[in-house]
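Q: Residue numbers (our numbering): 461 to 766. Backbone N, C-alpha and C fix where the C-beta goes; we use that ideal spot for every residue, glycine too.
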Ligand SMILES: [Zn+2]
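As structure tokens, then:
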């Protein structure tokens with residue numbers, strides 16, 4: 461009888477694995493998992509079945525075996541995995557790998573929930589809720605530590621980044637200036653660059669003037685307020701005010717002066733400048749050409765690489 465044993469019953473692992481590899485019938489695969497003498501052969505057959513209930517069954521039944529571990533590493537049920545590692549006999553590499561799996565699954569679940577919330581933001585009307593989203597702590601983002609910032613490359617965006625931005629968009633749509641101003645003052649928003657995005661959505665010139673001169677606000681948010689100002693009288697008032705406050709307010713004074721020059725230039729030239737070459741320099745990268753507009757006086761430079 462033993463002569464006609466199926467190949468998967470073989471003690472020759474290569475032969476048994478090859479037979480499982482070729483196997484299509486699920487009932488036979490289940491038999492292999494239950495009865496094959498070699499553990500690797502059982503694992504291979506189980507993986508081919510792709511059935512979470514089967515994985516749980518063997519993870520429970522043979523928790524401390526290679527099979528049990530291999531099954532646990534394919535289980536998506538977070539509560540089940542917590543239970544699996546709570547056993548006293550679960551230690552070392554197995555414990556830390558399952559822990560990692562729990563973390564990955566938890567992050568994926570949270571990200572999926574966030575994507576759902578993100579889709580709902582454009583129709584939210586609850587201002588307080590929108591402010592909460594916009595001021596969420598970016599250090600708590602899913603995958604925050606995976607988002608390595610590489611110089612010269614675009615900053616990776618998380619789902620939460622998109623949520624904060626969508627909340628700002630929605631607040632602007634609802635005309636909720638006071639809420640945008642609240643966001644601009646929030647510590648989390650300042651750290652995640654949401655503050656300046658909130659300020660950039662405000663169009664009321666008086667409010668922008670107030671934000672630009674508010675020294676309880678972060679520099680980037682104040683600069684965003686200056687850049688959104690188009691009222692010449694208010695910009696003049698801002699330069700006057702900041703110049704009286706001395707060196708601490710210099711960055712805002714400079715930003716206001718630049719904004720005034722920009723507005724003047726737009727009015728005079730409407731984007732069509734009359735460039736005049738004012739200088740040439742030779743540096744490591746190539747030739748630097750400096751230009752100045754004959755009408756409005758703004759300057760620019762070009763690098764012609766060697
Ligand atoms: Zn010009």
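Compute the Euclidean distance between the alpha carbons of residue 500 and residue 509, then round it to the nearest angstrom.
A: Residue 500 sits at position 40 when you count from the first residue of the chain shown. Residue 509 sits at position 49 when you count from the first residue of the chain shown. C-alpha separation (whole angstroms): 15 Å.
Q: Whose C-alpha, out of 724, 739 and 738, is nearest the C-alpha of residue 732?
A: Within the chain shown, numbered from 1, the residue matching residue 732 stands at position 272. For residue 732, the nearest C-alpha among the options comes from 724.
Q: So, with DSSP's three-state summary, where would you put residue 584?
A: As a first step, residue 584 is located in the chain shown; it is residue number 124 there, counting from the start. Coil.
Q: Going by C-alpha distance, which of 713, 706, 475 and 506 is nearest residue 487?
A: Position 27 of the chain shown, counted from the first residue, corresponds to residue 487. Answer by Cα proximity: 506.
Q: Terminal residues of the continuous alpha helix (DSSP H) containing residue 486?
A: Residue numbering aside, residue 486 sits at position 26 when the chain shown is read from its first letter. Residues 486-495.
Q: Taking 8 Å as the cut-off, does the region 629-639 touch the region 658-672 (at least 3 CB pairs, one atom from each stretch)?
A: Segments in contact, yes.
Q: Between residue 582 and chain B, is the shortest Cβ-Cβ distance under 8 Å, so that the two count as touching?
A: No chain B appears in this structure, which consists of one protein chain only.
Q: Drop a sphere of 10 angstroms on the beta-carbon of residue 591, count the other beta-carbons inside from all chains shown, and report buried for 16 or more, exposed for fewer.
A: Sequence index remark: in the chain shown, residue 591 carries index 131 (1-based). Looking at its Cβ environment, which holds 16 or more other Cβ atoms inside 10 Å, residue 591 is buried.
Q: I'd like to know whether the C-beta atoms of residue 702 and residue 688 end up nearer to each other than 8 Å.
A: Translated into the one-based positions of the chain shown, residue 702 becomes position 242. Translated into the one-based positions of the chain shown, residue 688 becomes position 228. No, they are not a contact pair.
Q: Take residue 797 and list the residues in its own chain whose beta-carbon comes closer than 7 Å to its own, dropping the five residues that flank it on each side.
A: Lying before the first or after the last residue shown, residue 797 is absent from the chain, which here runs from 461 to 766.
Q: Could you tell me the alpha carbon to alpha carbon distance between residue 595 and residue 511, rounded to whole angstroms?
A: Counting from 1 along the chain shown, the entry for residue 595 is found at position 135. Counting from 1 along the chain shown, the entry for residue 511 is found at position 51. Going by the C-alpha atoms only, they are around 42 Å apart.
Q: Of the residues 686, 750 and 697, which one's Cα is nearest the Cα of residue 719?
A: Locating residue 719 in the chain shown gives position 259, counting from the first residue. Of 686, 750 and 697, the residue nearest in Cα terms is 686.
Q: Among 533, 678 and 756, which has the Cα closest to the Cα of residue 709?
A: Counting from one through the chain shown, the residue named residue 709 turns up at place 249. Ranking 533, 678 and 756 by Cα distance to residue 709 puts 678 first.
Q: Given the structure, does residue 723 come close to ligand 1, in the sense that its CB is under 7 Å from one of the ligand's heavy atoms?
A: Locating residue 723 in the chain shown gives position 263, where the first residue counts as 1. Incorrect: residue 723 has no Cβ contact closer than 7 Å to ligand 1.
Q: For residue 620, is the classification buried or exposed, using 16 other Cβ atoms within 10 angstroms of its Cβ as the cut-off for buried?
A: By one-based count along the chain shown, residue 620 stands at place 160. Counting Cβ neighbours within 10 Å, residue 620 comes out buried, since at least 16 surround it.
Q: Give me the Cβ distance between residue 740 and residue 748, rounded to the nearest whole Å; I'm assuming they're in contact under 8 Å.
A: Start at 1 with the first residue of the chain shown, and residue 740 comes out as number 280. Start at 1 with the first residue of the chain shown, and residue 748 comes out as number 288. Right, the Cβ-Cβ distance comes to about 7 Å (below 8 Å), so this counts as a contact.
Q: Taking buried to mean at least 16 other C-beta atoms within 10 Å of its own C-beta, is residue 675 buried or exposed?
A: Numbered from its first residue, the chain shown carries residue 675 at position 215. Exposed.
Q: Is the Cβ-Cβ distance between residue 491 and residue 515 less than 8 Å?
A: The count along the chain shown starts at 1 and reaches residue 491 at position 31. The count along the chain shown starts at 1 and reaches residue 515 at position 55. Cβ distance not < 8 Å, so residue 491 and residue 515 don't count as in contact.
Q: Kindly examine ligand 1 and report whether one of its heavy atoms sits closer than 7 Å to the Cβ of residue 728.
A: Taking the first residue of the chain shown as position 1, residue 728 is located at position 268. Yes, ligand 1 has a heavy atom inside 7 Å of this Cβ.
Q: Assess, as a yes-or-no matter, whether the region 563-576 is touched by the region 530-549 under the definition of 3 or more beta carbon pairs within less than 8 Å.
A: In short, these stretches touch, since the Cβ pair count reaches three.
Q: Distance check for residue 745 and residue 764, CA to CA, integer angstroms please.
A: Indexing the chain shown from 1 puts residue 764 at position 304. Indexing the chain shown from 1 puts residue 745 at position 285. Cα to Cα, residue 764 sits roughly 8 Å from residue 745.
Q: In its own chain, which residues sit with a C-beta less than 7 Å from the C-beta of residue 672, not counting the 5 before and 5 after it?
A: Your numbering for residue 672 matches position 212 in the chain shown. Within the same chain, residue 672 has close Cβ partners 682, 685, 686, 689, 698 and 712.
Q: Can you tell me which of the three DSSP states residue 472 falls into?
A: Position 12 of the chain shown, counted from the first residue, corresponds to residue 472. Note: residue 472 maps to coil in three-state DSSP.
Q: Could you check where the alpha helix (DSSP H) with residue 619 kicks off and where it finishes?
A: Residue mapping note: residue 619 aligns to position 159 of the chain shown, counting from 1. Where residue 619 is concerned, the enclosing alpha helix (DSSP H) stretches over 619-633.
Q: Within 7 Å: the Cβ of residue 719 and any heavy atom of ligand 1?
A: By one-based count along the chain shown, residue 719 stands at place 259. No, the Cβ of residue 719 stays beyond 7 Å of every heavy atom of ligand 1.
Q: Secondary structure at residue 741, three-state DSSP: helix, strand or coil?
A: Position 281 of the chain shown holds residue 741. Here residue 741 sits in strand by DSSP.
Q: Ignoring anything shorter than 3 residues, give me the beta strand (DSSP E) runs that lie fully in the region 629-699, in order along the chain.
A: Those beta strand (DSSP E) runs which fall completely within the region 629-699 and span 3+ residues do not exist here.
Q: DSSP three-state label for residue 729, please.
A: One-based indexing of the chain shown puts residue 729 at position 269. Here residue 729 sits in helix by DSSP.
Q: Let's see if you can read the secondary structure: which residues bound the alpha helix (DSSP H) around residue 749?
A: Along the chain shown, read from residue 1 onward, the residue named residue 749 stands at position 289. Element bounds for residue 749: not the alpha helix (DSSP H) but the beta strand (DSSP E), 746-753.
Q: May I have the straight-line CA-CA distance separating residue 579 from residue 489, to the nearest angstrom?
A: Taking the first residue of the chain shown as 1, we reach residue 579 at position 119. Taking the first residue of the chain shown as 1, we reach residue 489 at position 29. One C-alpha to the other measures close to 42 Å.
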